[in-house]
Each structure stands twice: as structure tokens, then as C-alpha cells.
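This report refers to the structure that appears directly beneath it.
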Amino acid sequence: MYTEKVMDHFTNPRNVGEIPDADGVGEVGNPKCGDIMRIYLDIEGDTIKDVKFKTFGCGAAVATSSMVTEMVKGKTITEALDISNAAVAEALGGLPPNKLHCSNLAADALHAAIKDYYDKQEKAKG
Amino acid sequence: MYTEKVMDHFTNPRNVGEIPDADGVGEVGNPKCGDIMRIYLDIEGDTIKDVKFKTFGCGAAVATSSMVTEMVKGKTITEALDISNAAVAEALGGLPPNKLHCSNLAADALHAAIKDYYDKQEKAKG
Amino acid sequence: MRRVYLDHSATTPVDPEVASLMMTYYTEKYGNPSSIHSFGQEAREALEKAREQVAGFIGAQPAEITFTSGGTEADNLAILGAAEAYKDKGKHLITTAVEHHAILETFEFLAKNGYELTVLPVDEEGLLSVDGVQRAIRPDTILLSVMHANNEVGAIQPVAEIGRLAREKGVIFHVDAVQSLGKIPVNVNDLNVDMLTVSSHKIYGPKGVGALYVRKGIRLVPRVYGGGQEKKRRSGTENTPGIIGFGKACELAQARMADEAAKLTGLRDRLMDGILERIDFVKVNGPRGAKRLPNNVNVSVQYVEGESLLLSLDMVGIAASSGSACTSGSLDPSHVLLAMGMPHEIAHGSLRFSLGRQNTEEDVDYVLEQLPKIVERLRRMSPLFDQ
Amino acid sequence: MRRVYLDHSATTPVDPEVASLMMTYYTEKYGNPSSIHSFGQEAREALEKAREQVAGFIGAQPAEITFTSGGTEADNLAILGAAEAYKDKGKHLITTAVEHHAILETFEFLAKNGYELTVLPVDEEGLLSVDGVQRAIRPDTILLSVMHANNEVGAIQPVAEIGRLAREKGVIFHVDAVQSLGKIPVNVNDLNVDMLTVSSHKIYGPKGVGALYVRKGIRLVPRVYGGGQEKKRRSGTENTPGIIGFGKACELAQARMADEAAKLTGLRDRLMDGILERIDFVKVNGPRGAKRLPNNVNVSVQYVEGESLLLSLDMVGIAASSGSACTSGSLDPSHVLLAMGMPHEIAHGSLRFSLGRQNTEEDVDYVLEQLPKIVERLRRMSPLFDQ
Ligand SMILES: Cc1ncc(COP(=O)(O)O)c(C=O)c1O
Ligand SMILES: Cc1ncc(COP(=O)(O)O)c(C=O)c1O
Ligand code: FES
Ligand code: FES
Numbered sequence: 004m005y006t007e008k009v010m011d012h013f014t015n016p017r018n019v020g021e022i023p024d025a026d027g028v029g030e031v032g033n034p035k036c037g038d039i040m041r042i043y044l045d046i047e048g049d050t051i052k053d054v055k056f057k058t059f060g061c062g063a064a065v066a067t068s069s070m071v072t073e074m075v076k077g078k079t080i081t082e083a084l085d086i087s088n089a090a091v092a093e094a095l096g097g098l099p100p101n102k103l104h105c106s107n108l109a110a111d112a113l114h115a116a117i118k119d120y121y122d123k124q125e126k127a128k129g
Numbered sequence: 004m005y006t007e008k009v010m011d012h013f014t015n016p017r018n019v020g021e022i023p024d025a026d027g028v029g030e031v032g033n034p035k036c037g038d039i040m041r042i043y044l045d046i047e048g049d050t051i052k053d054v055k056f057k058t059f060g061c062g063a064a065v066a067t068s069s070m071v072t073e074m075v076k077g078k079t080i081t082e083a084l085d086i087s088n089a090a091v092a093e094a095l096g097g098l099p100p101n102k103l104h105c106s107n108l109a110a111d112a113l114h115a116a117i118k119d120y121y122d123k124q125e126k127a128k129g
Numbered sequence: 110m111r112r113v114y115l116d117h118s119a120t121t122p123v124d125p126e127v128a129s130l131m132m133t134y135y136t137e138k139y140g141n142p143s144s145i146h147s148f149g150q151e152a153r154e155a156l157e158k159a160r161e162q163v164a165g166f167i168g169a170q171p172a173e174i175t176f177t178s179g180g181t182e183a184d185n186l187a188i189l190g191a192a193e194a195y196k197d198k199g200k201h202l203i204t205t206a207v208e209h210h211a212i213l214e215t216f217e218f219l220a221k222n223g224y225e226l227t228v229l230p231v232d233e234e235g236l237l238s239v240d241g242v243q244r245a246i247r248p249d250t251i252l253l254s255v256m257h258a259n260n261e262v263g264a265i266q267p268v269a270e271i272g273r274l275a276r277e278k279g280v281i282f283h284v285d286a287v288q289s290l291g292k293i294p295v296n297v298n299d300l301n302v303d304m305l306t307v308s309s310h311k312i313y314g315p316k317g318v319g320a321l322y323v324r325k326g327i328r329l330v331p332r333v334y335g336g337g338q339e340k341k342r343r344s345g346t347e348n349t350p351g352i353i354g355f356g357k358a359c360e361l362a363q364a365r366m367a368d369e370a371a372k373l374t375g376l377r378d379r380l381m382d383g384i385l386e387r388i389d390f391v392k393v394n395g396p397r398g399a400k401r402l403p404n405n406v407n408v409s410v411q412y413v414e415g416e417s418l419l420l421s422l423d424m425v426g427i428a429a430s431s432g433s434a435c436t437s438g439s440l441d442p443s444h445v446l447l448a449m450g451m452p453h454e455i456a457h458g459s460l461r462f463s464l465g466r467q468n469t470e471e472d473v474d475y476v477l478e479q480l481p482k483i484v485e486r487l488r489r490m491s492p493l494f495d496q
Numbered sequence: 110m111r112r113v114y115l116d117h118s119a120t121t122p123v124d125p126e127v128a129s130l131m132m133t134y135y136t137e138k139y140g141n142p143s144s145i146h147s148f149g150q151e152a153r154e155a156l157e158k159a160r161e162q163v164a165g166f167i168g169a170q171p172a173e174i175t176f177t178s179g180g181t182e183a184d185n186l187a188i189l190g191a192a193e194a195y196k197d198k199g200k201h202l203i204t205t206a207v208e209h210h211a212i213l214e215t216f217e218f219l220a221k222n223g224y225e226l227t228v229l230p231v232d233e234e235g236l237l238s239v240d241g242v243q244r245a246i247r248p249d250t251i252l253l254s255v256m257h258a259n260n261e262v263g264a265i266q267p268v269a270e271i272g273r274l275a276r277e278k279g280v281i282f283h284v285d286a287v288q289s290l291g292k293i294p295v296n297v298n299d300l301n302v303d304m305l306t307v308s309s310h311k312i313y314g315p316k317g318v319g320a321l322y323v324r325k326g327i328r329l330v331p332r333v334y335g336g337g338q339e340k341k342r343r344s345g346t347e348n349t350p351g352i353i354g355f356g357k358a359c360e361l362a363q364a365r366m367a368d369e370a371a372k373l374t375g376l377r378d379r380l381m382d383g384i385l386e387r388i389d390f391v392k393v394n395g396p397r398g399a400k401r402l403p404n405n406v407n408v409s410v411q412y413v414e415g416e417s418l419l420l421s422l423d424m425v426g427i428a429a430s431s432g433s434a435c436t437s438g439s440l441d442p443s444h445v446l447l448a449m450g451m452p453h454e455i456a457h458g459s460l461r462f463s464l465g466r467q468n469t470e471e472d473v474d475y476v477l478e479q480l481p482k483i484v485e486r487l488r489r490m491s492p493l494f495d496q
């Protein structure tokens, strides 16, 4: 059902956990299936220095969470914003058709965390 | 499908053939399936001295033909008239449900042959 | 790696005795039972013997058994066939919220095509109320279908009582006994049923074979037209080896049922109690004790998701199933758990272990060793779980 | 006693390679292909491989294959499913007088339920006229079903031409290829078909398995409701071992077909010519040469009845079949022979020998030795035969 890459990321998920006092936190729920994902970002300047996630969800949800954290670590915010759901699925070697919606969680949570970071910056400024 | 008795009478049918100048000949066709049976009787006084048959039909038709000839040989006409389709089927140890109609051929042909005998007697008299 | 199969409610291995009998009919006695030559007749005889074995197991007459391609087809034939045959008597149908999809989807098709459908609720253990059934029956009710035992939570319904009621009211009563057969006694007379569905691959027989019991006198409009096999109820060259395998499986199940049920009940409770003991925030789904199938364990593990549980179990060789949305195509969690009033999130993390003939105490203990570690790992990953 | 099986059009033995593969999936890799654990996934993989094998054999895409419980169910699904799906486009249906009952009875059911049916005649060889098809198509015609090769007399219909016509006129074209598969090339694109039925037990695969090819874009209303297997076209736990066996049987047939057809054609003509040479008052039914299936021999033996012939052949170990009324439940002789204009009495005495993979020249010669004696014996008993 799942590719080897998916199973690898499911079995040994990268960057599981929380970042206390993170610069940005994003949480999304998958309206289709009720699964939930939370992403924590540690940002220095324009760069994502550290990233962690927590996910309640299926194998694909866990694997895409893990994959997206790998993909953004060390990237600039602009680069991170460019990461699409499709890119995450592709990086995992593809997902079964009925599991494609799961990859939405990962990119959406990432983007939500970046938005949270900007909101906090605004507040700090304003 | 068929009992051993049916198969025995089918394999070694008794009294196959014709009786030249028979005292009575009866032929019936089975309207249901198109099979045909002919019975020849040799009658002395009231007694059926000899009987032969010819049948174009299924295994059950052949077996019931053979059986009915065995059953009437040496019997009186009155006794022969008493032989029913059910009796022939029973004597063969039963027939499959969808083959019960086949036993009609045998008793009907016998009765037709007896009727033919009476008709000829009438004619001879009158 | 150790492999522990605990998904017998999904399907069972074919018993070796059954399989080797089937082989004979695949490769040597392969005649078409409708043929009159000896190849056909030897197949016909074995087929009719299988009919006797299946009938004998459920207290029916052989003539009341129609073989089908499985439980699903038998359910469809019962519901659609009777609804069509009795449509002049009424258009009201009754079933329950916890039936298998083979029943529910079929009734829903009828509900969209001119029939009226009442779907009865169940309590938090998944059990039906006989009173509720009584209240639902109307003068124009023609058909009532209730499963004997539930495939997800193992709840055994009060089928005999419901059957008595249906008979009093002149309503045709169908029972889906796919999960109960071979585990608890199934007798068409004791249960007062008019039609009953069974399936071979749930009792160590081959897949692709099932049967519908139809009480003498009940009419059914066929669903498949053709050569008129199975007394015109179900056309198509008979799956002779499969049917013979099913017959044999019934014979074996009949002989072994009492012993097996006792053994499975022991394993079931060992597993259920062991899980409750070792893992926090776990809830047993379905009734406990005699109202539960001897082989069914169903628990909800809070804060973790079912598919992740299954995948993790599979990685250590344990095969189980779940009522999780994520494991099905549909994305909705189990309709059974929802009907029992369970919130979405908790239904999400439910796990079913269904025990079988080969399972041992060691299998159970292996699960009890592995599952807590898996749950802990997943909970550490879960945003819902705060230590 | 020597046993010679010459009834391969009724059913075939399962190839030993197929059978042993199936065994593995009955007893070891027995998972339910819908389960996500490894038992389920290994079954799923094998199932999808089988889908590729079946699709590959008929030039289709795997996604266009729906597995069923046999040819009969596939025929029913095609006809009833398309008639329902396209009923708003029209209510006129066309088929031929020589179809299998799985087609004819299904169309007749529709004809009694609001559809209009045209049944096309055939010539004295059992062949259809393409012109006749053309004339029968009306603006409101939605579905046309023509068998590829006839199961009784082996006549091969001009299916590709008829398919071209159907496509021009926008009529959905279904072909029953149960008898042609594995004997002559069957390619859904060459034949211009929209739907095509195949059955496993006619090509050395297991009974109880078939498939319907449905060209991408063609709609079908399902006949069985439930778990939504086979892309919702056909619910019910998949008969995985059976389907895998069917897949393997297709692979084997594909590899062997050319050689086998040549060998069978030789045996066929040896048997047919031998009978004509040795027995008087015998007539070959169906076309000769390339328009006849390589494995089909059908003769009418005048003045004797078919069932008696079959029983007598069986007593010397020869398994054949007949178009005789007496061998069927129906009491009418073969509708195929009657449609070819044969009088009742002659249809009555028809015999079909259908050759298969294991048959040898010795088998044929054995029939040629036994049959004349049997015919003579029966004719001596026949009131219709005057020496
Ligand atoms: C209660 C119940 N009914 C019906 C079915 C369907 O039977 P089958 O798998 O033979 O189609 C199943 C199993 O899948 C079941 O558990
Ligand atoms: C031409 C034809 N169509 C359909 C069928 C039915 O297929 P099955 O026996 O798999 O139900 C048969 C064989 O019985 C056949 O010969
Ligand atoms: S099914 Fe819920 S995220 Fe995959
Ligand atoms: S079927 Fe014709 S007499 Fe038996």
C-alpha cells in the first residue's frame, strides 16, 4: 500500500516533539478524517533553524509530517512557503490515491506555523 | 442420477424388438420431449404370452419400456391394465423428479397396445 | 519475524483438510454437476453432500440451502429477492444501524427505490432492544433483518426473541449469521428465522462461497438469470470445489465448536484484561461475557489513531483491524462505533483483534508485550496526549 | 476403464500449476485484500497481478476488469447494469437466438420489465448476418450483445464487424467470450467491444470466477451492494485464490494458445471425419473450418436420442454432452439447434464432443471405435429406424 519511504518515515519519524517557546506554531485538523497535526518552528532571521511536529493520524499523516519537517529544516521562509502538498507526497515516492488528502495536513500545518510567526512579529512590532 | 436398476434395464434392456403380426401394437409419443415408444403384444386367451418394445428416448424411457415388458409378460390383460406409471417407476427403484414423466410412455404404450388388441377383436367379430 | 494473525473476522485460512479435499475436485473430479456423465455425477453427489453438511450445521433441510458466491451475495439475494417478491404486501423494511455494509447498502438502495426503511438504533454496547423492534413493526412491514453477531464489536443480538416477534406479526425475518456461525450455536429453528446468511471464508472454508437459507414456502425473486442452477434461485455453473470445501468446513466446525469456543473465550479475556491492565485510557467496546462472541476483542485506545496502530502492529508481525476512518476508503470511522454513541476521536483509535483456531496464549502474550510499547510511541507523537 | 473427458466446453480441469498456486493462497497467504496488514497486502498484490494477467490476455487495461463469480454473473452485470444505466437513452435491446441462457434469460427478464427486445436469427450453420444486425439497430437501441463463439456448435460470429457497426451507431456492444477465450484470439480493441465476459473454469482455471471487461467510460449500475469492492461495481470479499488462479490460467493459455489450437483442430477434424466415415445418417452441426472453434465437434445422429447416447458413451468411459431435451431440465431440445432450423427429432439426437488440453489421438480413436457400436445398438432399439 505505502512506499518504502513512507514506511521509513512512519517507523522512524524525524523531528518528533515540541519546541518550547517556538517562534511559530501551526495546528491543522483534517476535516475529511479528523486527524490533527501541529508544527513548531524555531526561526532565526529568515531561516528555519529547527522544526518539530506532533501528529494524530494515519501512516501517511505521520510520514508526510516527518517528511515536511526534513524538507524545511535550514530553508528560508520563502523557500518553505513554496513547498506544496504535492511536493511532500512526491518526496515520499507517492501516496495511494485515497491517501492523497493526508498530505494536505503537512503543508497546511507548515504554512499555518509560518503565518503564526508573522502574526507574532506583527504583534511584537505593533 | 439413475438408480442401478434403471441403468441395468438401460444397459441390458429386456424384450427389445418387434413381433411380426402382433395381436396388439401401441405407439405413443411423449408430447413433453418428443420421445417415442412402441409395444407389441402376443396374446393368447386372456394372457400376454409375449411382449416386445422399441423406444426412441432417454435412459428412463428405455428402462421403463424394458421394465414394463417384464412386468406384463405372462400376466392377464386385466392385470396388465392395472399397471400404472407410478408402479413402473417404483419397480425401477424410482426416477429423478424431472424424469417422472418418462414413465408415462411405458404404461401408456402398453395400454394403447391392449386397446389396439380390443379394436382388432371388435373388427374381427363385427 | 513472528507472525500472529488476529484478524479472523476479516477472513480465515482454509483448513488443510478442506484444502486438500478441494484439490481433488479441482484437478480430478472436475466435472460440471449439471452433466449427466460420471464426471458430472460424481461432482453432483459431492455438491449435494455439501448441501447436507451446511444444512445440518444450521438445522435446516438441504432443499432450503441456496449456494452463492459469498455472504454479500446471500445478503443481497435475501433482501432484494424478498423485497421484490413481497412488494404487493407492503413496502416497509426494518434493519439495524450496526449491520454489515452488505445489508445496509442493500437496504439503502431499496430506500431510494420506493421502499420505506426504518434503521433501529443500538445501545452503548451495540445491543438491540426487543421492545424497539416491536415498536418499529407496522402493518405494512414485510421484512426485518438483524445480524446475529456483530463483526466489529462481537455483540450477540437477541435474535430468537426478535424472530418470535416477527413470526407473530407475519414479518419475514432475515438474519446475517456470517460472524456467529462456527462460534456460537446457529439453528434456524431455535432462532425463528425465515432466511439466514452464512459465509465460508469466515469458518476456515474457501473465499467466494456462501449460502442463503430460505425457509420452505418463502418466495424470492432471483438476482442472477441463466442456466437455472440452484433451483433457479441462483444461476451460474456451481463452484463445486468451493462448495464442497464449505461443506467440509461446516462439518469440522460442528465437531470442534464447543471446545474452540471455550478456548477462544479464555484467550479473548486474557487479551482484553491484559490490555486494560497494561495501557491507560483504554475502553472496551461492546458487551463483555456471554453476549460477546468468544473470539472478539475490541478496544479504543485514546489519543492514537487506528491506522497508525495497525501499521505499527504489522511491523512486529501482528495482524489486526480497526474501525478507523483512515483504514477504509470512506474516511468516516466505523458506523458501528458511531451508532454505539462513541465520539469520532475515540472511534478513531479503535482496534479489533479477532482470534482463531490456531491462536495460542503465546500469541496473546506477544500482543500484550508489543502493544503497550506501540501505544506509548504513538502517544508521544500525538498532539492530543499531554503527559 | 479408460476415461476420456470430451466435455471441455462444459468445464475443464484446473491446471496443476494453477491449483498449486491457489493452495498457497488458501492456506498461507490467506489475508483479506482489503486489510492493511501484510497478510492483506500480499493478497492484494497477487490479486492485482491477476487483474493484469486477465487484462493482458484480452488487450485491456487492468482498471477495466471487474472480477465476478463466473461468466453468468458477468453476463448479468453487463446486461442488467448497462440497461439500467442507459435507460434514459432508450429501451431497445438486441441479442441473438443462439446466446447462452445467461444472456437470453437476462434479456427476457428485461423484456418483461419495460424494455423492447429484438432476438436476431442465425443461418443453418449458426452464423449471424452483419446486415441483419445493421437492420435491427434503431435510434433507441442502447445495447447489443453477441457471443463470440457458440458453446454448442462452435460457430464463430463476425464480432469485429458487428462491433464496428455498433460503434458507428453509438450502441453499447457486449460480447460473451466465455467459449472463445483461450481457443482463438480475443482482443477487446480488435473486436471493437465495450464489454466482454470471460469465465475461468473454461480455460483450466477454477470454477466460481469470471470477469467482465468494461471499457473506460461505460457506466454500469451494480447488482450487488456491500463493502464496495471492485471499485463499487461488485461488492463482496474477493475470491482471492480463485482470482489468482484465473490470472495464472490466462497466463498459461496465452503462452500455449497457438500450439493448442493447431493440435485441437487436428483432433477435431479427425473425430468429425471419422464419425462421418463410420456412421450413416449423421450430420455435422455448425460451420466447418476456420469459422468453427478448434475444439468443438457437434453431430446429429439420426434415429437415436441424445441422452441414451450419452449414457452409453459414459458406460465406456467417454464424457460428452448433447443438445437433447432429455438431458436438460427443460424438455425442449437445444435452442441453438432449433434456431439453426433443425427439426426437433434430429436436434434430439445431437452430440457434442469438446476437446481439451489433455486429449490425444488415442482418445479420438477410442471414440471412433466405441461410438459406431453404440449407435448401432440404439438404432436397433429405435422405432424410427428401419433397416
Ligand atoms: C456480518 C457480515 N455480513 C456479511 C459479510 C460479507 O460476507 P462475504 O465476505 O462472504 O461477502 C461479512 C464479512 O465480510 C460480515 O462480517
Ligand atoms: C457462452 C457461455 N456464456 C456464459 C456461460 C456461463 O459461464 P459460467 O459457467 O462461468 O457461469 C457459459 C458456460 O456455462 C457459456 O458457454
Ligand atoms: S486518513 Fe486522516 S490524515 Fe490520512
Ligand atoms: S425425457 Fe423423453 S422420455 Fe425421458
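Chains A, B, C and D are the protein sequences, given in the same order.
With our numbering, the residue at position 61 of the first sequence is 64, and numbering never jumps.
With our numbering, the residue at position 33 of the second sequence is 36, and numbering never jumps.
With our numbering, the residue at position 106 of the third sequence is 215, and numbering never jumps.
With our numbering, the residue at position 174 of the fourth sequence is 283, and numbering never jumps.
Even for Gly, the Cβ is constructed at its ideal location relative to N, Cα and C.
Three-state secondary structure assigned by DSSP to D:Asp285: Correct three-state label for D:Asp285: strand.
is_contact[D:His146, chain C] using C-beta, thresh 8 Å: Interface criterion met: the Cβ of D:His146 is under 8 Å from a Cβ in chain C.
Whether B:Leu95 touches B:Thr6 by CB criterion (8 Å): Their beta carbons are under 8 Å apart, which means B:Leu95 touches B:Thr6 by this criterion.
Cβ-heavy atom distance, A:Tyr38 to ligand 3, below 7 Å: Just to set this straight, residue 38 of chain A is Asp in the shown sequence, not Tyr. A:Asp38 Cβ: within cutoff of ligand 3.
Residues within the segment 403-418 of chain D neighbouring chain B, beta-carbon criterion of under 9 Å: Contact annotation: in the segment 403-418 of chain D, residues whose CB is within less than 9 Å of a CB in chain B are Tyr412, Val413, Glu414, Gly415, Glu416 and Ser417.
Neighbourhood of C:Val333 by C-beta distance below 8 Å, restricted to the same chain and skipping five residues each side: So the qualifying residues of the chain are Arg343, Ser344 and Gly345.
Counted within 10 angstroms of its Cβ, other Cβ atoms place C:Lys221 as buried (16 or more) or exposed: Classification of C:Lys221: exposed, given that the 10 Å Cβ count is below 16.
Per-residue DSSP class, three states only, for A:Val65: A:Val65 falls in the helix class under three-state DSSP.
Contact the segment 443-457 of chain C vs the segment 206-224 of chain C: 3+ CB pairs below 8 Å: Touching, yes.
Whole-angstrom C-beta distance between A:Thr67 and A:Ser106, which should lie under 8 Å: Going by Cβ atoms, the distance from A:Ser106 to A:Thr67 rounds to 5 Å, so yes, they are a contact pair.
Collapsed DSSP secondary structure at C:Met451 in the structure displayed: In the displayed model, C:Met451 falls within coil according to three-state DSSP, outside both helix and strand.
For C:Asn348, three-class secondary structure by DSSP: Coil.
D:Asn394 CB to nearest heavy atom of ligand 2 below 7 Å: D:Asn394 has its Cβ no nearer than 7 Å to any heavy atom of ligand 2.
Contact between the segment 121-131 of chain D and the segment 345-360 of chain D (3+ Cβ pairs under 8 Å): Yes, they touch.
Within 8 Å, strictly: CB atoms of D:Ala429 and D:Leu419: Between D:Ala429 and D:Leu419, the gap from beta carbon to beta carbon is short of 8 Å.
heavy atom of ligand 6 below 7 Å from C:Met256 C-beta: No copy of ligand 6 appears in this structure; the ligands present are ligand 1, ligand 2, ligand 3 and ligand 4.
Length-filtered (4 minimum) alpha helix (DSSP H) runs lying within the segment 30-80 of chain B: Here the runs fully enclosed are 62-75.
For C:Lys311 and C:Val410, the rounded distance between their alpha carbons: Going by the C-alpha atoms only, they are around 26 Å apart.
Cβ of A:Val65 within 8 Å of any chain C Cβ: It does: the Cβ of A:Val65 has a partner Cβ on chain C nearer than 8 Å.
Test: D:Ser491 CB closer than 8 Å to a CB of chain B: Yes - at least one Cβ of chain B is within 8 Å of the one on D:Ser491.
In DSSP terms, what C:Ala264 is bridged to: Within the DSSP bridge table, the entry for C:Ala264 names C:Arg401 as partners.
Proximity test, C:Ala187 beta-carbon vs ligand 3 heavy atom, cut-off 7 Å: Ligand 3 never approaches C:Ala187 closely enough for any of its heavy atoms to be under 7 Å from the residue's Cβ.
Whole-angstrom C-beta distance between D:Glu234 and D:Pro452, which should lie under 8 Å: Not really, about 16 Å apart at Cβ, beyond 8 Å.
DSSP beta-bridge partners of C:Val391: As computed with DSSP, C:Val391 is found in a beta bridge with C:Val410.
Beta-carbon contacts of D:Tyr305 that lie in its chain and below 6 Å, excluding the five residues immediately before and after: It is worth fixing the name first, because residue 305 of chain D is Leu in this sequence and not Tyr. Setting aside the 5 residues that flank it on each side, D:Leu305 is surrounded in the same chain by Val284, Ala286, Val297 and Tyr322, each with a C-beta closer than 6 Å to its C-beta; the list follows chain order.
D:Gly354 CB to nearest heavy atom of ligand 2 below 7 Å: False, no ligand heavy atom lies under 7 Å from that Cβ.
Test: B:Arg17 CB closer than 8 Å to a CB of chain D: For B:Arg17, no CB of chain D lies under 8 Å from its own CB, so it is not counted at the interface with that chain.
Contact set between A:Lys57 and chain C, taken where Cβ atoms lie within less than 7 Å: Near A:Lys57 (Cβ distances below 7 Å), the residues of chain C are Met490, Ser491 and Pro492.
Terminal residues of the beta strand (DSSP E) in which C:Met424 lies: Following the DSSP letters along the chain, one finds C:Met424 in no beta strand (DSSP E) but inside the alpha helix (DSSP H) bounded by residues Gly415 to Met424.
Residues, ordered as in the chain, of the segment 157-175 of chain C that lie near chain D by beta-carbon distance below 7 Å: Of all residues in the segment 157-175 of chain C, none is placed with a Cβ closer than 7 Å to any Cβ belonging to chain D.
A:Asp119 versus C:Arg489 - alpha carbon distance: Rounded to whole angstroms, A:Asp119 to C:Arg489 spans 24 Å at the Cα level.
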